[in-house]
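Reading through the structure tokens given below for one structure.
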Amino acid sequence: AADAVNRFLKIYNLEFTSVQAAMDTVGLGSLFSISVRELLAKEGVSDVFVAELVAGLTRNNYGRNTKEIHAMGGLVCHVAGGDDVYAVRGGNQQVFEEMARRSGADVRLNTAVTAVEALPEGGFKLETSQGSEN
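For the sequence shown, the positions run 217 to 350 when the numbering used here is used.
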């Protein structure tokens, strides 16, 4: 797992067109085609460890069981257990709030999107729990 994390961190020095392309470049592309349970079993990790620790982390972080989540997602959710963990003072959610603010997007929290329709002239019409808008 440590080798996978070290390879993953190399993507921050790359330019890529997709997540799959980045993962292929650093030799981790195959982690998208196998579940984390399958990978850990292949690596000799006990079923008890997977059931009692890994499953709890993947369910808590992603709402998925170890048979359902690909190996990359399952490994990434364990990165926070290492020595090089960083946090933003005031909460990590500030990173995403700032990204949304700088994008100029019209973010509507607690609003469900109920339908999306592609418009012939381009763009989309969204139907939400608050009504519809182009």
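Every residue gets a Cβ at the ideal spot worked out from N, C-alpha and C, and that includes glycine.
Note the first and the last residue of the continuous alpha helix (DSSP H) segment covering residue i.
i, result
"LYS258", "252-258"
"ALA316", "309-319"
"LEU273", "271-278"
Go to residue i, then tell me how far its beta strand (DSSP E) extends in each direction, as first and last residue.
i, result
"LEU342", "340-344"
"VAL329", "329-334"
Does the beta-carbon distance from residue i to residue j come in below 8 Å?
i, j, result
"VAL270", "VAL252", "yes"
"HIS351", "LEU325", "With the chain covering 217 to 350 only, the question about residue 351 has no answer from this structure."
"LEU342", "VAL323", "no"
"ARG223", "GLY243", "yes"
"LEU255", "THR241", "no"
"THR327", "GLN346", "yes"
Touch check for the segment 235-247 and the segment 284-293: three-plus C-beta pairs under 8 Å?
Three or more Cβ pairs closer than 8 Å define a contact, and the segment 235-247 meets that threshold against the segment 284-293.
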